[in-house]
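Numbering (our numbering), first residue to last: 875 to 1006. Cβ atoms here follow ideal geometry from the backbone N, Cα and C, with glycine treated the same way. Note sheet for the following structure.
The following block contains the structure:
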């Protein structure tokens, strides 16, 4: 039996988190290898220059001290990067999402401007985070 790729495992983790956010408890996978892989899923953390500027401004000008790229739950799985909240202060229970370019899909095939093909269509992780 072939094991799932990292991308497929990430998709399963996203389904688990989306279900949990919707109030549905899905059973954990019965395959111990898959369950172990899902517990340690990691994804690339991407912060834009603009997000860093906003974060710095929130701290220096408004006194809003926070962590960056914070996992949204403390549940069964340790998610690193997949659905992280851009800026969060646990003490004050405040979360801020900066919807920069990494939050949206790109449409290179239909890009008229020759740029990055950016759209205003949220990607899957952004949709899931908004649901939280």
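Using a Cβ distance threshold of 9 angstroms, residue 922 and residue 974 count as a contacting pair.
Checking the DSSP bridge columns, you'll see residue 959 partnered with 944. With respect to residue 972, residue 934 sits apart: the two C-beta atoms are not nearer than 9 angstroms. Residue range 923–936 is occupied by the alpha helix (DSSP H) that includes residue 930. The straight-line gap separating the alpha-carbon atoms of residue 941 and residue 965 is approximately 11 angstroms. A Cβ-Cβ distance of about 6 angstroms is found for the pair residue 890 and residue 900, placing them in contact under the 8 angstroms criterion. According to DSSP, residue 910 shares a beta bridge with no other residue.
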